[in-house]
Amino acid sequence: MGDETDAFNLGYNEIFSNWSNPSSYFGATTNVALQVYSKNGTNITVKAYTTSTSAQNLPPSKPTFLQVGVSQNYHPYLSWNANQEPDVLSGGSYKIEKYSTYEVGWFQLTTTTNTYYEDLTESICPPGQQCLYGHWVRYRVKAVDNTQKVSVASDSVMQMVLGGAPDKISVDPSSSEKPSEYSLMQNYPNPFNPATTISYSIPNNGLVTLKVYDILGKEVAELVNEIQEAGNYSVTFNASELSNRSGSALTSGIYFYTLTSGNFMTTKKLILLK
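If you read the sequence shown in this note's numbering, its first letter stands for residue 1205, the second for the next number, and so on.
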């Protein structure tokens, strides 16, 4: 124990048990489990558990062997090893988190009970094509047991994706990867000029509206107004194609975008910087 090049450290890998990697299993199962509990300078506090029940009451161990590849449709495709804790195998899930900009930081992309995920909000340059721009995104995974205890994050992986997402992408309506809750992501890039991408998720079929307003509350753009099936969506807001109600081009400044679907409504801020 000491730094992130070691097997265990607070916030990096905190659980040593039958199901962790490295594992306490050595030729036979054991009830012994250790948890890195706190750290103060060079002093680390470790708790020891000696029964199977107490070991299973710990958070899940760190997910391992996260990899990112390219799907058949040229989207980032994540895969990782399944956690072996009984309370993850039965009723558990995984949180997938994503990082694209310093301003936004890490955010939860989705949850899944599978050990794979295709990020349909990003696209990868197909072989043989010349793609002139792009940016890096990072992914990591956390395990969640059936009592909602959450593991530390897996090691992250990186993938170069196209700089502008396609105009609108939704998951296959028959897919089991439907969102479990409504969410509206921070636009990217932000600040922007002239275009930015807004992503959102809806767990139920229904009427969806996505509108942009100026700082006085006047509507300047209606990006979405249609019945949509449950899924993950992205839409591009291009300020160069719009003008305000006086007929002049949109000026630099703060704007707001609002997602409404059913009883759900939320608003985020975006910045146009010319």
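Where a beta carbon is used, it is the ideal one built from N, C-alpha and C, also for glycine.
- Per DSSP, the continuous beta strand (DSSP E) segment holding LEU1427 begins and ends at 1423-1432.
- The beta carbon of THR1470 sits closer than 8 Å to those of TYR1386, LEU1388, THR1462, LEU1463, all from its chain and outside the five residues before and after it, given in chain order.
- Excluding its 5 nearest sequence neighbours in each direction, GLY1410 has C-beta neighbours in its own chain below 6 Å: SER1465, GLY1466, listed in chain order.
- When C-alpha distances from GLN1271 are compared across GLY1457, ILE1419, GLN1363, THR1351, the shortest belongs to GLN1363.
- Under the three-state reduction of DSSP, SER1355 is assigned to coil, being neither helix nor strand.
- The alpha carbon of GLY1457 has as its nearest neighbour, out of CYS1329, GLY1332, LEU1420, the alpha carbon of LEU1420.
- Ranked by how close their Cα comes to the Cα of LYS1302, the residues ILE1406, GLY1296, LEU1282 have LEU1282 in first place.
- Contact between GLU1326 and VAL1365 holds, since their C-beta atoms are separated by about 4 Å, short of 8 Å.
- For ILE1300 and GLN1432, the gap between their C-alpha atoms comes out near 24 Å.
- Counting only unbroken stretches of 3 or more residues, the beta strand (DSSP E) elements lying wholly within the segment 1258-1306 are 1271-1274, 1280-1283, 1297-1303, in sequence order.
- Around the beta carbon of PHE1441, 16 or more other beta carbons sit within 10 angstroms, so the residue counts as buried.
- Leaving aside the five residues that flank VAL1292 on each side, the residues in its chain whose CB is nearer than 6 Å to its CB run, in chain order, PRO1264, ALA1347, ASP1349.
- DSSP places GLU1385 in the coil class of the three-state scheme, outside both helix and strand.
- Taking the C-beta atoms as reference points, ILE1328 is found no nearer than 8 Å to TYR1392.
- Contact annotation, ALA1434 with ILE1406: C-beta distance approximately 6 Å; criterion of less than 8 Å satisfied.
- With respect to the 8 Å criterion, SER1355 and PRO1267 are classified as neighbours on the basis of their beta carbons.
- One Cα belongs to GLN1390, the other to GLN1312, and the distance between them is close to 11 Å.
- With fewer than 16 other Cβ atoms from the protein chains shown falling within 10 Å of its own Cβ, SER1294 counts as exposed.
- Boundaries for LEU1454: no beta strand (DSSP E) harbours it, and the DSSP string shows neither H nor E there.
- GLU1326 sits in coil when the DSSP states are folded into three classes, being neither helix nor strand.
- The Cβ atoms of SER1297 and THR1314 do not sit closer than 8 Å to each other.
- Here the alpha carbons of LEU1474 and LEU1324 stand approximately 23 Å from one another.
- The beta-carbon separation of ASN1429 and THR1413, rounded to 5 Å, stays under the 8 Å limit for a contact.
- The three-state secondary structure of SER1360, taken from DSSP, is coil.
- Counting other Cβ atoms within 10 Å of its Cβ, PRO1383 reaches 16 or more and is therefore classed as buried.
- Under the criterion of beta carbons closer than 8 Å, TRP1284 and SER1360 do not qualify as touching, at roughly 12 Å.
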